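For reference, the structure is listed below as structure tokens.
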Amino acid sequence: MSWGTELWDQFDNLEKHTQWGIDILEKYIKFVKERTEIELNYAKQLRNLSKKYQPKKNSKEEEEYRYTACQAFLSTLNEMNDYAGQHEVISENMTSQITVELARYVQELKQERKSHFHDGRKAQQQIETCWKQLESSKRRFERDCREADRAQQYFEKMDADINVTKADVEKARQQAQIRHQMADDSKADYSSYLQKFNLEQHEYYHTHIPNIFQKIQEMEERRIERIGESVKTYAELDRQVIPIIGKCLDGIVKAAESVDPKNDSQLVVEAYKSGFEPPGDIEFEDYTQPMKRTVSDNSLSNSRGDGKPELKFGGKSKGKLWPFIKKNKLMSLLTSPHQPPPPPPASASPSAVPNGPQSPKQQKEPLSHRFNEFMTSKPKIHCFRSLKRGLSLKLGATPEDFSNLPPEQRRKKLQQKVDELNKEIQKEMDQRDAITKMKDVYLKNPQMGDPASLDHKLAEVSQNIEKLRLEAQKFEAWLAEVEGRLPARGEQSRRQSGLYDTQSAPAVNNCAQDRESSPDGSYTEEQSQESEVKVLATDFDDEFDDEEPLPAIGTCKALYTFEGQNEGTISVVEGETLYVIEEDKGDGWTRIRRNEDEEGYVPTSYVEVYLDKNAKDS
7 MSWGTELWDQ
17 FDNLEKHTQW
27 GIDILEKYIK
37 FVKERTEIEL
47 NYAKQLRNLS
57 KKYQPKKNSK
67 EEEEYRYTAC
77 QAFLSTLNEM
87 NDYAGQHEVI
97 SENMTSQITV
107 ELARYVQELK
117 QERKSHFHDG
127 RKAQQQIETC
137 WKQLESSKRR
147 FERDCREADR
157 AQQYFEKMDA
167 DINVTKADVE
177 KARQQAQIRH
187 QMADDSKADY
197 SSYLQKFNLE
207 QHEYYHTHIP
217 NIFQKIQEME
227 ERRIERIGES
237 VKTYAELDRQ
247 VIPIIGKCLD
257 GIVKAAESVD
267 PKNDSQLVVE
277 AYKSGFEPPG
287 DIEFEDYTQP
297 MKRTVSDNSL
307 SNSRGDGKPE
317 LKFGGKSKGK
327 LWPFIKKNKL
337 MSLLTSPHQP
347 PPPPPASASP
357 SAVPNGPQSP
367 KQQKEPLSHR
377 FNEFMTSKPK
387 IHCFRSLKRG
397 LSLKLGATPE
407 DFSNLPPEQR
417 RKKLQQKVDE
427 LNKEIQKEMD
437 QRDAITKMKD
447 VYLKNPQMGD
457 PASLDHKLAE
467 VSQNIEKLRL
477 EAQKFEAWLA
487 EVEGRLPARG
497 EQSRRQSGLY
507 DTQSAPAVNN
517 CAQDRESSPD
527 GSYTEEQSQE
537 SEVKVLATDF
547 DDEFDDEEPL
557 PAIGTCKALY
567 TFEGQNEGTI
577 SVVEGETLYV
587 IEEDKGDGWT
597 RIRRNEDEEG
607 YVPTSYVEVY
617 LDKNAKDS
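Going left to right, the sequence shown walks through residues 7 to 624 as the working numbering numbers them.
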């Protein structure tokens with residue numbers, strides 16, 4: 007099958023068809039180009055989406071990605087970046103291997119098509135020229151034949167007329183001969199042009215046109231084949247990235263399989279564990295009988311008073327019980343000692359371990375007098391300002407030693423700070439070593455540089471190392487203090503954490519910070535500025551209205567003599583028996599009362615405490 011033999015008379019239709027084929031090819035190029043733009047836009051949108059949900063550096067979101075579920079989500083975001091990259095690869099490959107190549111091929115195809123149809127039109131013009139020459143010679147031959155016939159008829163007419171002279175007859179005969187000669191010449195030309203035209207026509211329809219149409223057919227078949235190859239390439243470029251996209255999806259699946267609910271639950275424990283113990287049960291108080299002061303099962307000593315004689319005490323209870331309310335916060339602030347208790351003496355002699363100059367015994371005063379002294383005394387005003395600074399710490403800034411955090415969280419923060427400082431120290435030490443080596447090189451090769459120029463930098467680095475070491479030692483001391491205060495993890499019976507923690511932030515100076523453990527064991531700081539201010543105002547109102555003494559919860563016996571010289575302490579003599587009104591809350595001090603007017607704090611190690619569940623309030 008050949009277009010030259012089958013379509014020899016369809017020159018115009020072939021011209022239209024080939025132009026349509028080029029239009030189809032250009033349409034396909036436009037399609038692939040738009041596909042590449044879609045792939046680029048899709049990749050860009052995927053990258054923007056992934057970037058939008060990436061955790062911000064040095065933010066709280068970054069800490070949340072410790073959990074396996076969040077890590078799986080982060081892995082998904084990263085894999086989506088790679089996924090987007092593969093769509094960019096598709097776009098780039100389609101542009102370079104299809105769009106650009108086909109655009110170049112279309113230009114070549116147009117030039118080739120133009121050349122073929124130019125040759126076809128040239129052959130058409132040539133055959134048309136031959137046809138015109140043939141027609142012209144034919145018409146001339148026909149005209150000369152008619153003229154010869156007319157001249158012959160005129161000669162015969164003149165020859166038959168007797169009235170015509172012989173000269174006229176001869177003239178008519180010569181004219182007839184001339185006309186016959188012209189007719190013969192026209193006949194010869196006509197015959198010549200006819201043969202030439204037939205030859206040209208044969209060449210045109212059997213040689214020129216078939217060859218031209220065959221080239222056009224081959225050109226069209228190459229175009230069709232090129233479109234097929236491009237479509238195949240289009241699919242192959244997609245298929246090439248499928249394994250990598252599959253790996254991206256496998257990475258997402260692997261990340262999903264790495265989600266560990268138990269591990270996340272453990273991370274929640276590590277993130278929010280306060281280190282406190284939950285409060286014990288509150289026993290029923292029978293108001294039909296004289297009220298009883300009860301002690302929780304997990305108190306400091308719940309069996310040391312067994313077998314001791316029951317003592318009756320006076321006073322009444324307000325009915326407020328920890329941990330649901332704050333009780334005697336201001337009294338603790340005013341009277342609690344603000345330094346660690348002294349160690350017990352080596353011997354039990356009454357004169358052992360003097361505590362320096364003895365301070366006058368503190369007499370119990372009405373709380374209103376104490377508040378007046380608190381507001382007018384300069385040291386106490388300073389303490390009140392420190393309390394305000396402590397409140398501002400709660401509302402905004404974080405103390406340097408993280409004392410606003412629960413023990414467990416504080417330990418983690420301090421450990422993290424120590425690690426960071428150690429890394430900075432190591433970095434500075436590496437820099438110092440590098441400067442030292444450079445200085446040695448300068449000493450050996452003075453032409454490379456002046457060794458003295460590095461002395462200032464070396465001294466600066468050494469100074470930075472010293473500062474960082476001092477800072478690290480400070481945090482390590484705080485860390486050792488916290489680790490020393492934290493109870494053992496495997497201990498089944500741990501002492502109950504108290505209402506107040508004696509470890510205060512540097513900004514609060516000597517004022518004890520008020521901390522409480524909530525019933526669920528969490529470390530409850532006030533959740534907002536408004537609640538902080540409200541609680542503070544409520545505590546002041548409640549405590550100043552209440553001037554009733556605390557009821558006794560047991561007795562104690564002084565093991566050593568203690569001479570209280572600080573604000574809030576009380577002096578005791580070895581062997582003396584006193585009432586316990588507030589047990590040790592973990593700070594090493596026990597609050598006792600001698601009589602209605604004398605009460606204060608003594609070191610817990612100086613006394614033997616007998617807490618009595620059944621002690622009646624008298």
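Even for Gly, the Cβ is constructed at its ideal location relative to N, Cα and C.
What you are looking at is a predicted structure, and each value in this text was computed from that prediction instead of being measured.
A contact between stretches requires three or more CB pairs, one per stretch, nearer than 8 angstroms, and the segment 570–589 meets this requirement with the segment 597–615. Shortest Cα-Cα distance from residue 593 to any of 176, 28, 488 involves 488. Per DSSP, residue 72 is not a residue of any beta strand (DSSP E), being assigned neither H nor E. With the rule of 3 Cβ pairs closer than 8 angstroms, the segment 458–471 counts as touching the segment 425–445.
With three or more CB-CB distances shorter than 8 angstroms, the segment 112–125 counts as touching the segment 24–40.
Taking all protein chains in view, the Cβ of residue 412 is crowded by 16 or more other Cβ atoms within 10 Å, so the residue is classified as buried.
Non-local C-beta neighbours of residue 10 in its own chain, meaning closer than 8 angstroms and more than five positions away in sequence, comprise 215, 216, 217, 218, 219, 220, 223, ordered along the chain.
Rounded to whole angstroms, residue 189 and residue 151 show a C-alpha spacing of 5 angstroms.
Proximity to residue 262 across 253, 130, 81 peaks at 81, based on C-alpha coordinates. Per DSSP, the unbroken alpha helix (DSSP H) holding residue 148 starts and ends at 106–166. Proximity of the segment 270–287 to the segment 126–134 falls short of the contact definition, fewer than three beta-carbon pairs being nearer than 8 angstroms. Closest in C-alpha terms to residue 89, from the list 64, 408, 56, 78, comes 56. In the DSSP assignment, residue 230 falls within the unbroken alpha helix (DSSP H) covering 215–263. Here residue 485 has 417, 420, 421, 424 as same chain residues with Cβ atoms under 8 angstroms from its own Cβ, once five neighbours each way along the sequence are excluded. Nearest Cα to residue 22 within the set 474, 116, 481: 116.
Listed as beta-bridge partners of residue 483 by DSSP are no residues whatsoever.
With distances taken between CA atoms, residue 576 lies nearest to 597 out of 597, 204, 563. Cβ-Cβ separation between residue 105 and residue 35: approximately 6 angstroms, consistent with a contact (criterion under 8 angstroms). Residue 173 and residue 162 have their C-alpha atoms spaced approximately 14 angstroms apart. In the three-state DSSP reduction, residue 178 falls in the helix class (H, G or I).
For residue 79, the closest alpha carbon among the candidates 564, 450, 255 is that of 255. The beta carbon of residue 74 is closer than 7 angstroms to those of 264, 265, 266, 269, 270 in its chain, skipping five residues each way along the sequence. If you look at residue 14, you'll find it isn't in any beta strand (DSSP E); DSSP assigns it neither H nor E. Taking the CA atoms as reference points, residue 463 sits about 16 angstroms from residue 431.
The shortest CA-to-CA distance from residue 85 to any of 203, 49, 63 is the one to 49. The C-beta of residue 92 has 16 or more other C-beta atoms within 10 Å across all chains shown, which makes the residue buried.
The criterion of a C-beta distance shorter than 8 angstroms is not satisfied by residue 196 and residue 121.
In this structure, 119 is the residue among 119, 410, 561 with its C-alpha nearest to the C-alpha of residue 225.
When only Cα atoms are considered, residue 589 and residue 478 end up about 36 angstroms apart. For residue 587, there is no enclosing alpha helix (DSSP H); the residue is found in the beta strand (DSSP E) stretching over 583–588. Look at residue 564 here: in three-state DSSP terms it is strand. The C-alpha of residue 16 is placed about 35 angstroms away from the C-alpha of residue 193.
Counting C-beta atoms within 10 angstroms of its own C-beta, residue 561 has 16 or more neighbours from the protein chains shown and is therefore classed as buried. Between residue 87 and residue 53 a beta carbon distance of about 6 angstroms is seen, short of the 8 angstroms cut, so the two are scored as contacting.
For the set 450, 404, 42, 83, the Cα lying nearest the Cα of residue 258 is the one of 83.
Here residue 27 carries a helix assignment [DSSP, helix/strand/coil].
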